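I have placed the structure first, in the form of structure tokens, so that the comments after it can refer back to it.
Here you go:
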């Protein structure tokens, strides 16, 4: 806003100078050219009046050719050029004195703001990178911890399986051992009972043989009959 005010003041000063200089060049360029041509022709007639009376028109023609070399209506006149240069210098001084320092300060402030924004963006980027690094590190730690927990659970499950297998094998071995012991005890009891029964049978058979005093064939028949009766009695029992 200050820069615009300074530039506007310089332009107003230049326009003021041009307005002051305007009376020196207020006449239309075409009118000035016509007046110049008219005065030039009058001067040529006046200067060559004697030669014209003698019908010598060489000097008059040369004067007319010089009159045709009129000043350009496009190029400004010398006073206009001077006043325009003065106005330009005033505007330039105003701009250099007031507008350009403010403009440089504004540009410097903007550069400083841009530099601050860039530094802030760089800090934000670095913080984001650091946060990303911390996140990746924590994620790696979490994965390692999860893998450790899974491995411990797997080892615990394997240990439980081994314990169950060992216990089952131990229980099976105990069951087989008890079964073998029970079978052996049953066999021993059966053998003991059998021996006892055989002893009883032998005693009874001997008593019968002694009582009857039989021959060998009769004794054998008696033994077989007794064994048959004992077997049928055992089957019934």
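In our numbering, the protein residues as written are 2 to 238.
No residue lacks a Cβ here, since even glycine has one placed at the ideal position from N, Cα and C.
The model shown is predicted, which means the values in this text are computed figures rather than measured ones.
How many angstroms separate the CA atom of residue 86 from the CA atom of residue 101?
In this model, residue 86 and residue 101 are separated by some 20 Å (Cα to Cα).
Rounded to a whole number of angstroms, what is the C-alpha to C-alpha distance between residue 169 and residue 181?
18 Å
Residue 235 to residue 202 span [Cα, whole Å]:
Because the pLDDT at residue 235 is just 48, under 50, the model does not fix this residue reliably, and the point stays unresolved.
Compare the beta carbon distance of residue 44 and residue 60 with 9 Å and say whether it is the shorter of the two.
Their beta carbons are not under 9 Å apart, which means residue 44 does not touch residue 60 by this criterion.
What would DSSP say about residue 22, mapped onto helix, strand or coil?
Here residue 22 scores only 44 on pLDDT, less than 50, and its place in the model should not be relied on; the value that follows carries that caveat. Residue 22 falls in the helix class under three-state DSSP.
Assign residue 92 to buried or exposed, taking buried as 16 or more other Cβ atoms, counted over all protein chains shown, within 10 Å of its Cβ.
buried
Where in the segment 78-149 do unbroken runs of the alpha helix (DSSP H), each at least 4 residues long, occur, reported from the N-terminal end onward?
79-95
In whole angstroms, what separates the C-alpha of residue 171 from that of residue 162?
14 Å
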